[in-house]
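Everything in the sequence shown is counted per this note's numbering, starting at 21 for the first residue and increasing by one.
To start, the structure itself, in structure tokens.
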Amino acid sequence: MSTPSPVETLSRHELADLQLTKLRQAVDRALSTSHYQAKLAGCGIACGEDLKTLADLRKLPFTVKDDLRQAFPDGLKAVPQSEVVRMHASSGTTGIPTVIYYTRADIDRWTELGARSAAATGCTSADVFQNMMSYGLFTGGLGLHYAAERLGMMVIPAGGGNTQRQLKLMKDFGTTVVHATPSYLLHVYDQLAEFGVDRKDLKLQRAFVGAEPHTEDIRCRLEALWGIQVFNSYGLSEMNGPGVAFECVHRAGMHLWEDAYLMEIIDPDTGEVLPEGAEGELVLTILDRQATPLLRYRTRDLTSIIAEPCACGRTHRRIRRIKGRSDDMLIINGVNVFPSQIEEVVMKTAGVGSNYQILVKKDGALDSLIVRLELDAPHFSDDMRDLEALRSRIAGNLMTSISLKPKVELHEPGFLPVSEGKAVRVIDERPTLPEGPEGSCP
Ligand code: DLL
């Protein structure tokens, strides 16, 4: 059983004092960027000390993904370049990504939060941690890599995909914990027989799953199939990455590390702050990050706060499983995709008509993305080789833009339905599974 660290059991009063001190510093850091100087000019906050209580947070304007896009690449950088040691990036709504910079201290802080998260699940230095999340600009790989090392676990930096090798690594090195998207972990289970691996030969005990929405039913299924404990992990690249909120051994909602993040729940339509317990959009302020401060960032994720104390003794409040998003972002096998990114690529392609459709469905445990396009009449050639070349060029361009290779279908003009009202571009056929209450697995 894991013992919480002292900061995780501060009284709510002590935590609030710590948060106010850090919030003031965060505002001062933000004010060193041209972006926040302009944004905060109109709200009567000239420095951090102007915030008298935590409630004054509400005087600050929200930050949205588009602000990061407009600040690209350096408009939100609050330290000299010489102090930046890393960057990560995530999808923007169009071709411009959202970029986050980190100083050495920022990486250390993120590492600490991830290590605390892993410890809260009961992991120790005796564990072998196989990281099945992609390494790279995505924060899932590197994010928990250093955290797991900090806890003293042996890390197998497997990265995403290559299921046969994943299984071999699990068997050869006695993996006890994996970190994966829930859909990929289901897929790995489906492949056990195919690759001749017997579950009994694996030492797996736990899995950290996140980066995409999933229901309690998926957790229960994973727990039953693998015979392990599955912990929900929430994070987003704008708030470092994984390690924002994590389930403890009780697996009943995710403790959001309130010494590092301030959380609010707002009505996504009006922006009004909602009372504790109400469901709405999560808004986060990162308290410590030096290189890219972000105040009141609208995550677009829908959840609610669980304020009741947790049996683990941690005083940091929990958030419920993410219910969905208040925007149109799709998450396909853990990769974030905005329909507008696809539209941008499609519309730039000569010969492609203006009607298109994005279809997302399940292919076994994994998601599959199909982009259906109509060609303009003169381009609808009978020559299969021409069509194939065009198809693969579009698929390649989409891959460059969204980091996923969709199946591209080319159709004759008039093939796709024309809607009379608002065009229905996205058809998401992934089943929505019935939702049991949090922590309801047998
Ligand atoms: O997905 C960071 C991460 C990596 C979290 C590994 C957990 C594990 P982004 O690519 O920026 O960062 O995507 C962030 O993914 O706003 C949510 O919509 C969704 N998301 C992340 N974790 C969960 C989760 C990483 N546990 C976006 N449940 C977020 C539901 C999740 N959705």
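Just so you know, even glycine gets a beta-carbon here, dropped at the ideal spot from N, CA and C.
Start-end ranges of the alpha helix (DSSP H) lying completely within the stretch 224 to 263, minimum 4 residues: 236 to 246
Nearest-angstrom Cα separation, counted from Glu169 out to Thr196: 14 Å
Determine, using beta carbons only, whether Ser25 and Arg129 come nearer to each other than 8 Å. no
May I ask which residues mark the beginning and end of the alpha helix (DSSP H) holding His270? Element bounds for His270: n/a, residue is neither H nor E.
Alpha carbon to alpha carbon, how far is Gly163 from Val391? Give it in angstroms, no decimals. 31 Å
Anticipated Cβ contact below 8 Å, Leu187 with Val208, distance rounded: 7 Å
Is Arg239 near the ligand DLL, with its Cβ less than 7 Å from a heavy atom? no
Where Gln377 sits in the DSSP three-state scheme: Residue state, collapsed to three classes: strand.
DSSP bridge partner residues for Ala109 (one or two, in chain order): In the DSSP output, where bridge partners are listed per residue, Ala109 has Val119.
Under 8 Å Cβ to Cβ from Gly470, same chain only, skipping five residues before and after it: list those, please. The shown model of the chain, from 21 to 462, leaves out residue 470, and the question about it has no answer.
Cβ of Cys461 within 8 Å of Cβ of Cys240? yes
Once the 5 residues before and after Arg334 are set aside, which same chain residues still bring their CB inside 6 Å of it? Pro24, Glu28 and His275
Same chain only: Cβ atoms within 7 Å of Pro262, ignoring 5 sequence neighbours per side: Gly134, Thr159, Gly160, Gly163, Leu164, Gly230, Ser253 and Gly255
Taking Cβ positions, are Met259 and Tyr204 nearer each other than 8 Å? Met259 places its beta carbon 8 Å or farther from that of Tyr204.
The stretch 348 to 355 touching the stretch 31 to 47, judged by at least three CB pairs closer than 8 Å: no
Using C-beta distances below 7 Å, list every residue in its chain close to Ala415, excluding the 5 sequence neighbours before and after it, in chain order. Lys425, Pro426 and Val428
For His199, does the three-state DSSP call read helix, strand or coil? It is a strand residue.
Tell me, to the nearest whole angstrom, how far the beta carbon of Thr312 is from that of Ile447; I am working on the premise that it is less than 8 Å. Actually they do not touch by this definition, with Cβ atoms about 36 Å apart.
I believe Leu242 touches Ala227 by the beta-carbon criterion, under 8 Å. Please report the beta-carbon distance rounded to the nearest angstrom. 7 Å
Status (buried if at least 16 other CB within 10 Å, exposed otherwise) for Ser111: buried
Enclosing alpha helix (DSSP H) for Asp387 [first to last residue]: Taken as a continuous stretch (DSSP letters only), Asp387 belongs to no alpha helix (DSSP H), being part of the beta strand (DSSP E) at Leu386 to Leu395.
Going by beta-carbon coordinates alone, are Ala50 and Leu315 separated by less than 8 Å? yes
Option in Ala409, Val303, Asp76 and Ala91 with minimal Cα separation from Tyr56: Ala91
Nearest-angstrom Cα separation, counted from Asp402 out to Arg320: 45 Å
Tell me Gly134's beta-bridge partners as DSSP assigns them. Beta-bridge pairing links Gly134 to no other residue.
Any chance the stretch 77 to 90 sits against the stretch 276 to 296, with 3 or more Cβ pairs inside 8 Å? Yes, the stretch 77 to 90 is in contact with the stretch 276 to 296.
CB-CB under 7 Å to Val108, same chain, minus the five flanking residues each way: which ones, in chain order? The displayed chain sequence assigns His, not Val, to residue 108. Excluding positions up to five away in sequence, the list reads Ile120, Leu157, Thr159, Ser257 and Gly261.
Within 10 angstroms of the Cβ of His336, are there 16 or more other Cβ atoms? Answer buried if so, exposed if not. By the neighbour-count criterion, in which 16 or more other beta carbons inside 10 Å mark a residue as buried, His336 falls on the buried side.
Quick one: what's got a C-beta closer than 6 Å to Ile422's C-beta in the same chain, skipping five residues either side? Val357 and Gln361
Helix, strand or coil for Val217 per DSSP? coil
First and last residue of the beta strand (DSSP E) that includes Glu440? Taken as a continuous stretch (DSSP letters only), Glu440 belongs to no beta strand (DSSP E), as it is neither H nor E.
Using only the alpha-carbon positions, how far apart do Thr369 and Thr123 sit? 40 Å
Given that a residue counts as buried once 16 or more other Cβ atoms are within 10 Å of its Cβ, and exposed if not, what is Val198? buried
Run the proximity test for Met152: is its beta-carbon closer than 7 Å to any non-hydrogen atom belonging to the ligand DLL? Distances between the C-beta of Met152 and the heavy atoms of the ligand DLL are all 7 Å or more.
Residue environment, Met153, which counts as buried when at least 16 other CB atoms sit within 10 Å: buried
Whose C-alpha, out of Glu132, Trp246 and Ile116, is nearest the C-alpha of Leu222? When only C-alpha atoms are compared, the closest one is Trp246.
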